[in-house]
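Residue numbers (my numbering): 525 to 884.
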């Protein structure tokens, strides 16, 4: 036997002392797991917080953009207005049209006074392009003195009403929304005519005494914008951000939409006394539009320049976009600042050349 084989044989019979098995002990694994948890858990919490904040910001931006788009649409809609109804004109009785329009004269989308509140109503000249086709009738073909395919653009009078709606329909958000209703006049031609909307009637000389035509409305109230806040202003304290600056400049007051006195101070402050006739619409202090201050208008039917002036306010609620649980947007004394930060507010001031008076 060689010397090398002898040494190897001896070593194989006497293993090296202190040699340990490969791998980690149970204690080492537990320590590693604890350290990992201590590092990962805060990181995960931070990541979730960042994602939640990002979602809230995206929802807030979406609400801001939609509110501004809705106000731009309303302002554009009013550019051809010839008369804007103030508080008296949008009241019940002989001096107002409240009983002549939805919901008291019901139609699809607005048939319950506790769920659908008229806020802004006006008459306008509605432009109809000659190539518009309504109910199968091409506008340019109504005048049969022209060759087919030609013709002229036309105008008709239309009554437009905007509403604040909260009716619990699953199609829409659990908060409120704004709807639009329009009925228009018709066009009479020699051989072809465009009939008026069902329920339409031309306005009388005293426009506040307008009464609908015979028959029920068949024109539905269409949604303009969803995610309008339905939180009563009384849930916020007087130090809430949207009440600032204090006085008449904040978009809402402690009771919701401001009084007609405040409306006068907002849009008729520099008018002579005879033209300080601004009022808040709607008039019902118990309506959702008023108690929330989420959708209302200050209207001065005529100023010293012969213009009708309206300032429209909208407040949205971005939180239901990311969480449909009412608890997620419930207001408490401790969270009102963060809650109102997710309720964007915007307004638009519209001045139009009023062509007719409400009481003459």
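Every residue gets a Cβ at the ideal spot worked out from N, C-alpha and C, and that includes glycine. These figures come from a predicted structure and were not determined experimentally.
Considering only DSSP beta bridges, list what residue 746 is partnered with. Per DSSP, the beta bridge partners of residue 746 are 704.
Do residue 710 and residue 723 have their CB atoms nearer than 8 Å? It is not a contact, given that the beta carbons lie outside the stated cut-off.
Thinking just about the alpha-carbon of each residue, which of 792, 798, 805, 675 is nearest to the one in residue 783? When 792, 798, 805, 675 are compared, the shortest CA-CA separation from residue 783 is found for 805.
May I ask you to report which of helix, strand or coil DSSP gives residue 597? The answer is helix: DSSP assigns residue 597 an H, G or I state.
DSSP three-state label for residue 846, please. Secondary structure at residue 846: coil, using DSSP grouped into helix, strand and coil.
Does the beta-carbon of residue 851 have 16 or more other beta-carbons within 10 angstroms, so that it is buried, or is it exposed? If you draw a 10 Å sphere on the C-beta of residue 851, you find fewer than 16 other C-beta atoms in it, and that means exposed.
With DSSP as the reference, label residue 799 as helix, strand or coil. In this structure, residue 799 counts as helix in the three-state DSSP scheme.
Helix, strand or coil for residue 579, going by three-state DSSP, please let me know. Helix.
Alpha-carbon to alpha-carbon, residue 684 and residue 712: Those two C-alpha atoms are separated by around 22 Å.
Beta-carbon separation (whole angstroms), residue 635 vs residue 642, contact threshold 8 Å: Between residue 642 and residue 635 the Cβ distance is about 13 Å, and since that is not below 8 Å, they are no contact.
Residue 617 versus 733, 707, 875, 567, residue with shortest Cα-Cα distance: Check the Cα spacing between residue 617 and each of 733, 707, 875, 567: the tightest is with 733.
According to DSSP, residues forming a beta bridge with residue 869: According to DSSP, residue 869 bridges with 839.
Among 601, 819, 823, whose alpha-carbon lies nearest the alpha-carbon of residue 868? Nearest to residue 868 by C-alpha distance, out of 601, 819, 823, is 819.
Since residue 608 is in the beta strand (DSSP E), which residue starts that stretch and which ends it? Element bounds for residue 608: 605-608.
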